[in-house]
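Colleague:
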Amino acid sequence: MTLSSENRDSRRHDDPAPALNGVRILDLSMFLAGPFCTQQLADLGAEIIKIEPKTGDSTRVLPPHFHNGESLYFLSANRSKKGMVLDLSQTEGREILYRLAANADVVVDNFRPGVTRKLGVDFATLSEINPRIICCSISGYGQDGPYAKRPAYDMIVQALSGGMSLTGEPGARAVRAGIPIGDICAGLHAVIGILAALREREQSGKGQFIDISMLDVQVAMLSYQGVYHLFSGDVPGRQGRGHASIPTYASFEAADGDDVLICANTEKMWQALCDVLELPELPADPRFVTNELRHANRDALEPLLTQAFAGRTRDDWLARLNEKGVPCAPVNSVADALADPQVRHRDMVHPLTHHLGGEIEVLGNPIKLSRSPCGVFRSPPLLGQHTEEIMRELAYAADEIGSLRARGVIA
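Under the working numbering, the sequence shown has 54 at position 21, and the numbering climbs by one with no breaks.
Okay, structure coming up:
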């Protein structure tokens, strides 16, 4: 499979091809987990055909912010894709999808289990057409189990997984993460699964089905907290702004009321922290000579650190801590973070010209490949923007395209 002319035209002739050049992916997903997955693959050079119903992806109209009538929510997860409108409930619509699947590498959906089979676009059906096809389905609870047919959204799986119980201040109610980690991390695991299946196909010549559960992903992300419980039976509570095992991995209030976060988690960093705070007696104090002892005596240590940090402003502390090599940070607002010189230097804020005019800024891709960098970002597709182009590539004649459009099979 070769890149479309639109993809080729956006790159200089001497640019290296991106890593997934030649991979074609049919994206049947909506909302965030699936579109985020396929956007990562698009950035890496895959050709993504986003297939929507006539009503479009629901996030196209999600408030509060819009550019040229398109929601910024939609624009944030659908760049560099082609757009096609296809009614899969009609036989002719499915036949068009089958033609696409015959030469596609991957199909991504985020339907509830059973929906693709009902539509006739499930892995069993598509693999009969193309034995090399890889189908990835992202759902709330996976394809089996007692919850499989339940609806799920980001906050639901955050809560059900136990992760939400860890988030917030001790003694306060649990809060969800401020970014949709249930969706985004499921999308990232789908990317990993797809790349693994593409690699395995090079050896076997066969496609396979990838089952991604948002709940599974969130449970896996419990990491050491989950393993601690399985080993000890202890139930961890709200983690607040610090680390349960490392007292010097925490947040402290400076003289101006702003927070300073420090992560002094080695003995060398502990010594440097004490030097910065002008507390030379602490490293030799028998209560604090190791992290294990500092943890055991944190009720004695934390007031000393709190009092010291109250003596200078946030920026003064940050300058002093950075000079001594103690990992530290302010609690940036989103505005502060996106204006940060390191973030800008790394091209994590990227301009994008919209199809209907005007330029917006989007977030860059954090994957920096030395020989096959991410492709040039292109505007997310308008609803059905590339339908006719794709139909012509499938060898449909103009009168056939017109007839299918008139009957609502395509738009």
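Glycine included, each C-beta is placed from N, C-alpha and C at the ideal position. Keep in mind it's a predicted model, so treat the numbers as computed, not measured.
Rounding to the nearest angstrom, what Cα-Cα distance links G435 and S170 in this structure?
Modeller: As a first step, residue 435 must be located in the sequence shown, where it is residue number 402. As a first step, residue 170 must be located in the sequence shown, where it is residue number 137. Roughly 32 Å separates the two Cα atoms.
Colleague: Considering only the beta carbon of each residue, do V395 and L402 sit closer than 8 Å?
Modeller: One-based indexing of the sequence shown puts residue 395 at position 362. One-based indexing of the sequence shown puts residue 402 at position 369. For V395 and L402, no; Cβs fall outside 8 Å.
Colleague: Take the Cβ of A189 as the centre, count every other Cβ of all protein chains shown within 10 Å, and call the residue buried at 16 or more, exposed below.
Modeller: By one-based count along the sequence shown, residue 189 stands at place 156. Residue identity check: residue 189 is Ile in the sequence provided, not Ala. I189 should be labelled buried.
Colleague: Let me check one thing: in DSSP terms, what residues is C384 bridge-paired to?
Modeller: Working through the sequence shown from its first residue, we reach residue 384 at position 351. This sequence places Pro at residue 384; Cys is not what is there. According to DSSP, P384 bridges with E394.
Colleague: Anyone know if the C-beta pair for G175 and D249 falls short of 8 Å?
Modeller: Along the sequence shown, one-based indexing puts residue 175 at 142. Along the sequence shown, one-based indexing puts residue 249 at 216. Cβ distance < 8 Å, so G175 and D249 count as in contact.
Colleague: Rank L59, L74, L337 and R209 by C-alpha distance to the C-alpha of R320 and give the top, closest one.
Modeller: As a working note, residue 320 is residue 287 in the sequence shown. Nearest of L59, L74, L337 and R209 to R320, Cα basis: L337.
Colleague: Give the straight-line distance between the Cα atoms of V94 and T124, rounded to the nearest whole angstrom.
Modeller: Locating residue 94 in the sequence shown gives position 61, where the first residue counts as 1. Locating residue 124 in the sequence shown gives position 91, where the first residue counts as 1. Computed Cα separation, rounded: 28 Å.
Colleague: Using DSSP with H/G/I as helix, E/B as strand and the rest coil, what is D48?
Modeller: Along the sequence shown, one-based indexing puts residue 48 at 15. Looking at D48 - three-state DSSP - the assignment turns out to be coil, as it is neither helix nor strand.
Colleague: Relative to the alpha-carbon of V56, which residue among L65, S62, T71 and G126 has its alpha-carbon at the smallest distance?
Modeller: By one-based count along the sequence shown, residue 56 stands at place 23. V56 has its Cα closest to that of T71, out of L65, S62, T71 and G126.
Colleague: Since D120 sits in a beta bridge, which residues does DSSP pair it with?
Modeller: Locating residue 120 in the sequence shown gives position 87, where the first residue counts as 1. For D120, which the question treats as bridged, DSSP gives no partner whatsoever.
Colleague: How would you write the range of the beta strand (DSSP E) that F285 sits in, first residue to last?
Modeller: Position 252 of the sequence shown, counted from the first residue, corresponds to residue 285. Note, F285: beta strand (DSSP E), Y282 to E286.
Colleague: Please list the terminal residues of the continuous alpha helix (DSSP H) segment that includes I189.
Modeller: Residue numbering aside, residue 189 sits at position 156 when the sequence shown is read from its first letter. First-last of the alpha helix (DSSP H) with I189: D187 to L193.
Colleague: Give the range of the alpha helix (DSSP H) segment to which I423 is assigned.
Modeller: Here residue 423 refers to the residue found at position 390 of the sequence shown. Per DSSP, I423 belongs to the alpha helix (DSSP H) from T420 to E426.
Colleague: For the beta strand (DSSP E) containing F242, name the first residue and the last one.
Modeller: Here residue 242 corresponds to residue number 209 of the sequence shown, with the count starting at 1. Looking at the DSSP string, the run of the beta strand (DSSP E) that includes F242 is F242 to S246.
Colleague: Evaluate contact between the segment 243-257 and the segment 202-220, counting only Cβ atoms and requiring at least three cross-stretch pairs below 8 Å.
Modeller: Yes, the segment 243-257 is in contact with the segment 202-220.
Colleague: Is there at least one non-hydrogen atom of the ligand NAP closer than 7 Å to the beta-carbon of D291?
Modeller: The ligand NAP is not among the ligands present in this structure, which contains no ligands whatsoever.
Colleague: Closer than 6 Å by C-beta to K114: which residues in its own chain qualify, once you throw out the five before and the five after it? Chain order, please.
Modeller: Numbered from 1 along the sequence shown, position 81 holds the residue referred to as residue 114. Answer for K114: A75, I81, K83 and P414, listed in chain order.
Colleague: Which residues in the same chain have their Cβ closer than 6 Å to the Cβ of L446, if we skip the five residues on either side of it in sequence?
Modeller: The shown model of the chain, from 34 to 444, leaves out residue 446, and the question about it has no answer.
Colleague: What's the call for E426, buried or exposed, on a 16-neighbour Cβ count within 10 Å?
Modeller: Residue mapping note: residue 426 aligns to position 393 of the sequence shown, counting from 1. Result: exposed.
Colleague: Could you check the C-alpha separation between V364 and G238 for me, to the nearest Å?
Modeller: Here residue 364 is taken as the residue at index 331 of the sequence shown, counted from 1. Here residue 238 is taken as the residue at index 205 of the sequence shown, counted from 1. In a straight line, the C-alpha of V364 is about 49 Å away from that of G238.
Colleague: Considering only C-alpha positions, which residue in the set Y180, N111, S91 and L310 is nearest to L334?
Modeller: For this step, residue 334 is matched to residue 301 along the sequence shown. When only C-alpha atoms are compared, the closest one is L310.
Colleague: Within 10 angstroms of the Cβ of N101, are there 16 or more other Cβ atoms? Answer buried if so, exposed if not.
Modeller: In the sequence shown, counting from the first residue as 1, residue 101 sits at position 68. Per the 10 Å Cβ criterion, exposed.
Colleague: Exposed or buried, F342, counting other C-beta atoms within 10 Å across all chains shown (16 or more means buried)?
Modeller: Residue mapping note: residue 342 aligns to position 309 of the sequence shown, counting from 1. Buried is the call here.
Colleague: Look up H98 in the DSSP assignment and say whether it is helix, strand or coil.
Modeller: For the purposes of this step, residue 98 is taken as the residue at position 65 of the sequence shown. The answer is coil: DSSP assigns H98 none of H, G, I, E or B.
Colleague: A305 and K357 look like a contact to me (Cβ under 8 Å); what is the Cβ gap, rounded to whole Å?
Modeller: The sequence position of residue 305 within the sequence shown is 272, counting from 1. The sequence position of residue 357 within the sequence shown is 324, counting from 1. Right, their Cβ atoms sit about 4 Å apart.
Colleague: Could you check which residue in L326, G211, P316 and F285 has the C-alpha nearest to that of T346?
Modeller: Numbered from 1 along the sequence shown, position 313 holds the residue referred to as residue 346. For T346, the nearest C-alpha among the options comes from F285.
Colleague: Just to confirm my understanding: we take G273, look at its own chain, exclude 5 residues before and 5 after, and list those with CB closer than 7 Å. What are they?
Modeller: One-based indexing of the sequence shown puts residue 273 at position 240. These residues qualify, in order along the chain: E202 and P203.
Colleague: Going by the CB atoms, is the gap between D138 and L231 shorter than 8 Å?
Modeller: Here residue 231 corresponds to residue number 198 of the sequence shown, with the count starting at 1. Here residue 138 corresponds to residue number 105 of the sequence shown, with the count starting at 1. Contact flag set, yes.
Colleague: Which whole-angstrom value describes the C-beta separation of L59 and A134, a residue pair presumed to lie in contact below a C-beta threshold of 8 Å?
Modeller: As a first step, residue 59 is located in the sequence shown; it is residue number 26 there, counting from the start. As a first step, residue 134 is located in the sequence shown; it is residue number 101 there, counting from the start. Sure, about 7 Å apart at Cβ, within 8 Å.
Colleague: DSSP three-state label for S170, please.
Modeller: Working through the sequence shown from its first residue, we reach residue 170 at position 137. In the structure shown, S170 sits in a strand (DSSP, three-state: E or B).
Colleague: S104 bridges to which residues according to DSSP?
Modeller: Counting from one through the sequence shown, the residue named residue 104 turns up at place 71. Partner(s): F99.
Colleague: For L88 versus F64, is the C-beta spacing smaller than 8 Å?
Modeller: As a working note, residue 88 is residue 55 in the sequence shown. As a working note, residue 64 is residue 31 in the sequence shown. The sequence as given places Thr at residue 88; Leu does not occur at that position. No; because the gap between Cβ atoms is not below 8 Å, this pair is not in contact.
Colleague: Over what stretch of residues does the alpha helix (DSSP H) that includes I217 continue unbroken?
Modeller: If you number the sequence shown from 1, residue 217 lands on position 184. I214 to S237 is the extent of the alpha helix (DSSP H) around I217.
Colleague: Contact defined as beta carbons within less than 8 Å: I believe P51 pairs with G408. What is the distance between those atoms, to the nearest angstrom?
Modeller: In the sequence shown, counting from the first residue as 1, residue 51 sits at position 18. In the sequence shown, counting from the first residue as 1, residue 408 sits at position 375. Sure, about 4 Å apart at Cβ, within 8 Å.
Colleague: In chain order, what residues of the same chain lie with their CB nearer than 6 Å to the CB of C307, ignoring the 5 residues before and after it?
Modeller: In the sequence shown, the residue the question calls residue 307 occupies position 274. These residues qualify, in order along the chain: L315 and P316.
Colleague: Are the CB atoms of L159 and V140 within a distance shorter than 8 Å?
Modeller: One-based indexing of the sequence shown puts residue 140 at position 107. One-based indexing of the sequence shown puts residue 159 at position 126. Yes, Cβ-Cβ distance for V140 and L159 is below 8 Å.
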